[in-house]
Amino acid sequence: MSAETVEIDDGELIRRSAHDPEQFAALFDRYAKQIHLYAARRLGTQAADDIVAETFLAAFRRRGTYDTSCALARPWLYGIATTLIARHRRQEERLLRALSRTGVDPLPEALADTVTRRVTAQGREPELAGALASLPRGHRDVLLLVAWEDMSYEEVARALDISVGTVRSRLHRARKKARHVLGDEEL
C-alpha cells in the first residue's frame, strides 16, 4: 500500500476503484485481517479464509453501489461478512454446541476477550458457548460484533442494515440470556 492510499478514506478508495480497480486492494490491506479474525472466531480458520475471499469479492462486485460519502467501509464489509457467515450458521452452531458438550474449544481464539476471561476463570466457557448457540442469529450477530470487533451501535446498525434501536434491543436480550444461562449478573 502506498503512502498516498494510507491517507485516502475508504469511500474515496472505492470511488477511485471504479476507474482503477487496483485501488480496491488498499481496502483488503486495511480490513482483511480483522474480517478473518471475526470469521475465524465464528466458524473456524478454514471457513474464515473462504469468508474473507468471498467478502472482498462481493464488496468488489458491489462497489458501484457503495455510498462513497461514507468515509469508513468497515461496517459495510462486516455486514457482507456477517451475511456470508449466516450461510455457514449451522457449522457455527455445531462448533458452539461441541464446545458446550466437551469443554474443548475448537475455535482458534477465545469467544470474547472480556467475557471469556471471567467465564474461563470459573471454568464455564462451555456454558457460554451453549448460550451463544441458543441465541437467535440476529442477536448473536449483534453481540459478537460488539464484543469481538468493538463496533459501535451505529457501526453494527450499518453492518447489519438495522436500526440502532434494534441493535440496542438485540444486545440487551443477548446479554440478558447469557446472564440467565450463566447465573452471572456482571456479564
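For the sequence shown, our numbering puts the final residue at 202, and the numbers step up evenly by one.
All residues carry an ideal CB built from backbone N, CA and C; glycine is no exception.
Own chain residues within Cβ distance below 7 angstroms of residue i, not counting five before or after
{"i": "R152", "result": "A101, R104"}
{"i": "R188", "result": "H154"}
{"i": "S178", "result": "A172"}
{"i": "R15", "result": "The question about residue 15 has no answer, for the chain in this structure spans 16 to 202."}
{"i": "E169", "result": "V179"}
7 angstroms Cβ cutoff met for residue i and residue j
{"i": "R30", "j": "T80", "result": "no"}
{"i": "A73", "j": "I50", "result": "no"}
{"i": "V157", "j": "V196", "result": "no"}
{"i": "E69", "j": "L99", "result": "yes"}
{"i": "A54", "j": "A63", "result": "yes"}
Best match in the options for proximity to residue i [C-alpha to C-alpha]
{"i": "A86", "options": "D35, L28, F75, V67", "result": "L28"}
{"i": "A148", "options": "F43, Y93, K192", "result": "K192"}
{"i": "M166", "options": "D35, T70, Y93", "result": "Y93"}
{"i": "E108", "options": "A162, G180, R57", "result": "R57"}
{"i": "D25", "options": "G198, A54, W91, G145", "result": "W91"}
{"i": "I23", "options": "R112, F75, A88", "result": "A88"}
{"i": "W163", "options": "T117, P36, T97", "result": "T97"}
{"i": "R76", "options": "L175, T117, F39", "result": "F39"}
Cut-off 8 angstroms between Cβ atoms - residues of its own chain near residue i, not counting five sequence neighbours on either side
{"i": "A33", "result": "R78, G79"}
{"i": "G198", "result": "none"}
Own chain residues within Cβ distance below 6 angstroms of residue i, not counting five before or after
{"i": "A136", "result": "Unreliable positioning characterises A136 in this predicted model, as indicated by a pLDDT of 43, which lies under 50. The coordinate reading is nonetheless provided below. Excluding sequence neighbours, A136 sits near nothing in its chain."}
{"i": "V67", "result": "A47, I50, H51"}
{"i": "R190", "result": "none"}
{"i": "V134", "result": "With a pLDDT of 45 at V134, under the threshold of 50, the modelled position of this residue cannot be trusted; read the value that follows with caution. So the list reads E140, L143, once near-sequence residues are dropped."}
{"i": "D35", "result": "none"}
{"i": "G145", "result": "S115"}
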